[in-house]
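Working notes, beginning with the structure itself.
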Amino acid sequence: MQYLLLIYNSEAGMAAAPKEAAIQMSAAYGAYTEAMKKAGVFVGGERLRFTSTATSVRVAGGKTNVIDGPYADTKEQLGGYYMIDVPDMDAAISWAARCPGAGTGTMEVRPVWPMAEYMTEYTA
Amino acid sequence: MTAIGSDAARAAAEAAARQSYGKLVAYLAARSRDVAGAEDALADAFAAALEHWPRSGVPDRPEAWLLAVARRRSVDAVRRRLTREASRDHLKLIAEEMEARMVDEDLPDERLRLMFACAHPAIEPSIRAPLILQTVLGFDAATIASAFLVSPSAMSQRLVRAKARIHETGIPFRIPERAELGERLDTVLEAIYAAFAEGWSDPAGTETQRRNLATEGIWLGRLVASLMPDEPEALGLLALMLFAEARRPARRNTAGDYVPLAEQDLALWDGALIDEAESLLRRAATRGVIGRYQLEAAVQSAHAARRLTGRTDWVAIRELYDALLSIAGSPVVAINRAVAIAEAEGAVAGLAALYVLGDDKRLDDYQPYWAARAGLLARLGQVPMATEAYDRAIGLERDPAVRRFLQGRRAALRN
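As you go down the protein sequences, you meet chains Z and P in turn. As numbered in this note's numbering, the first sequence has no gaps in its residue numbers, which increase by one up to the final residue, 125. As numbered in this note's numbering, the second sequence has no gaps in its residue numbers, which increase by one up to the final residue, 810.
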């Protein structure tokens, strides 16, 4: 099954951290990504730029609204994601716990809803 | 009262509440085979005890207190919901039993039977330890789920299913006969050790839930050792856990960094716990039946001897792992044995013992294998391969302090 691991961390905390800590964190992420690839569970994943670069788009009543900033203002911000393919939720939780970001912020684990299952479960 | 004093009072009250709760659940479940019903009957009373006892102190007769509250609440509940009828029957049963006995006599202790039911071979192995923690100690599903890295809703469902299974398949609440005791006791001890090991994986004790789990594992170990004082493996497991617990304060320095065993400050080891473990191990040895836990405790004893001799007898440790491998082989044992071989005979021999395992798929995401391999390659000056192995170990580690330690070792490779 595929799971999306969403990494929420404090951008303010990251910006304030000493350079050394940032380098160590990056190296830890590199090792984590490699370990996922070697274990054959990695499907994809990227880091995201800070929410100050985010733009929210919404169309209401035929009118397009473009707003500076992220969709939701939260204490910890979405800073990156991994898509993994593992046998079950327990395996996904194990991988989430190993993510360097789990030690400083919060990981959200979301199962992917494949189109075929969605069609049978939801629209039937 | 100081903050520490009130924490201690709270811990004592909680321990007493869990002790009495477990006894009552075990007593009821052993008669009705209905674990969920027994828990249901006592749930409110147990919650009330956890709330009141830390403030008011533990009552003189804790079980009678719980029962009185349970009966009062259950009558209200029955008025509201007929489904609680079963609870009322449960409580009547236990009240009769308690009244039949003398006021100051304890209920028969059925917790061992309950543990044997929870760790029955017909119960899925991964749910046995959680089931014991819930039924014997009254931990809620969310607490157990965090400790075992499972989602609370999934843990809760599995616990419910396991209890239904005990009831529906008629799993007995009994202590097995001599002939089958060995194997069945193993499953109980394994479940207790699993609980301890989950708690042990938070060495700094920063997460209270995890730290408590190590304490509860020891508590269960003491319970089994006291109820089965002639079982060498029960004594061996308790010794093993105490040896490990004795080193907890030395596993982190004041900055919160990971300190490997070889570099730990021996003055921080808990001498009293080590002494207790040693005497348990000696008592177990007089029975003349060796087993996995006694051997693992003996390894710990050999490490603890450094406190007195200043050195580690790696040849002896290697021999203990040889014996362990032959009676309870697992990747974990094989990796530890390879490390002991490296210490006794050199890194090349150790690495050879590690490479034998190379094809095992389970090692792909098993951190200790990669950490051991990295350490040995580093000693041999195989920088690129050591770097790669450190990367795997770093990527698989979930404890930030250990991750920092491994990153430090990896960085030191270049020099």
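The beta-carbon is built from N, C-alpha and C at its ideal position, and this holds for glycine as well.
When you compare the CB of residue i with every CB in chain Z, is at least one pair closer than 9 Å?
| i | result |
| --- | --- |
| SER546(P) | yes |
| GLU792(P) | yes |
| ARG809(P) | no |
| ALA788(P) | yes |
| GLN802(P) | yes |
| PRO454(P) | no |
| ARG523(P) | no |
| PRO795(P) | yes |
| ARG799(P) | yes |
| ALA586(P) | no |
| TYR416(P) | no |
| ASP760(P) | yes |
| TYR785(P) | yes |
| ALA781(P) | no |
| ALA609(P) | no |
| ALA592(P) | no |
| ALA549(P) | yes |
| PHE568(P) | no |
Closer than 6 Å by C-beta to residue i: which residues in its own chain qualify, once you throw out the five before and the five after it? Chain order, please.
| i | result |
| --- | --- |
| PHE591(P) | ALA609, GLY612, MET636 |
| ARG804(P) | none |
| ALA769(P) | ALA781, ALA784, TYR785, ALA788 |
| LEU615(P) | ILE587 |
| ALA425(P) | GLU505, ARG508, PHE568 |
| LEU771(P) | ALA737, ALA742, GLY745, LEU746 |
| ARG682(P) | PRO627 |
| ASP759(P) | none |
| PRO457(P) | ALA411, SER415 |
| ALA443(P) | VAL464 |
| THR397(P) | Since pLDDT at THR397(P) reaches only 42, below the 50 mark, its modelled position is unreliable, and the value read off the structure follows with that caveat. Closer than 6 Å at Cβ, skipping near neighbours: no residue. |
When DSSP builds the beta bridges, which residues end up paired with residue i?
| i | result |
| --- | --- |
| LYS61(Z) | In the sequence under discussion, the amino acid at residue 61(Z) is Ala, which differs from the Lys named in the question. DSSP output for ALA61(Z) lists LYS64(Z) as bridge partner(s). |
| ASP69(Z) | THR56(Z) |
| PHE43(Z) | ILE85(Z) |
| PRO112(Z) | TYR4(Z) |
| ARG647(P) | TYR653(P) |
| GLY777(P) | Here residue 777(P) is Gln; the residue named in the question, Gly, does not match the sequence. According to DSSP, GLN777(P) bridges with nothing at all. |
| ASN607(P) | Paired residues: none, contrary to the question. |
Are the C-beta of residue i and some C-beta of chain P separated by less than 9 Å?
| i | result |
| --- | --- |
| GLN25(Z) | yes |
| ASP91(Z) | yes |
| GLY31(Z) | yes |
| PRO35(Z) | It should be pointed out that residue 35(Z) corresponds to Glu in this sequence rather than to Pro. Taking Cβ atoms only, chain P reaches closer than 9 Å to GLU35(Z), which makes this a yes. |
| LYS64(Z) | no |
| PRO88(Z) | no |
| GLY41(Z) | yes |
| PRO101(Z) | yes |
| SER95(Z) | yes |
| TYR52(Z) | Looking at the sequence provided, one finds Thr at residue 52(Z) rather than Tyr. Taking Cβ atoms only, chain P never reaches closer than 9 Å to THR52(Z), which makes this a no. |
| GLY104(Z) | yes |
| ALA61(Z) | no |
| ALA18(Z) | no |
| ALA117(Z) | no |
| ALA13(Z) | no |
Grouping DSSP H, G and I as helix and E and B as strand, with all else coil, what is residue i?
| i | result |
| --- | --- |
| ARG799(P) | helix |
| GLU21(Z) | helix |
| ALA398(P) | Residue placement at ALA398(P) cannot be trusted, given a pLDDT of 46 that sits under 50; the coordinates are not used to answer. |
| LEU5(Z) | strand |
| VAL453(P) | coil |
| LEU49(Z) | coil |
| THR707(P) | coil |
| GLU446(P) | helix |
| PRO627(P) | helix |
| LEU632(P) | helix |
| THR107(Z) | strand |
| LEU79(Z) | strand |
Might you give, ordered along the chain, the residues of its own chain that have their beta carbon closer than 7 Å to the beta carbon of residue i, omitting 5 neighbours on each side?
| i | result |
| --- | --- |
| ARG523(P) | CYS513, ALA514, THR582, ALA586 |
| ARG617(P) | LEU633 |
| ASP652(P) | ALA796, ARG799, PHE800 |
| TRP595(P) | ALA609, ALA639 |
| PRO525(P) | ILE539, PHE543, MET550, LEU554 |
| GLU626(P) | LEU580 |
| GLY41(Z) | none |
| TYR761(P) | PRO726 |
| LYS418(P) | GLU458, LEU502, ASP504, ARG506 |
Which residues in the same chain as residue i place their Cβ atom closer than 8 Å to its Cβ, once the five residues preceding and following it in sequence are excluded?
| i | result |
| --- | --- |
| GLU47(Z) | GLY81, TYR82 |
Ordered list of alpha helix (DSSP H) runs contained in the region 530-596 of chain P, each at least 4 residues: 536-542, 547-563, 573-595
Whole alpha helix (DSSP H) elements within the region 650-705 of chain P, 4-residue minimum: 666-680, 687-699, 701-704
Considering only residues of the region 720-763 of chain P, which uninterrupted beta strand (DSSP E) runs meet the minimum length of 3 residues and lie entirely inside it, listed in chain order? none
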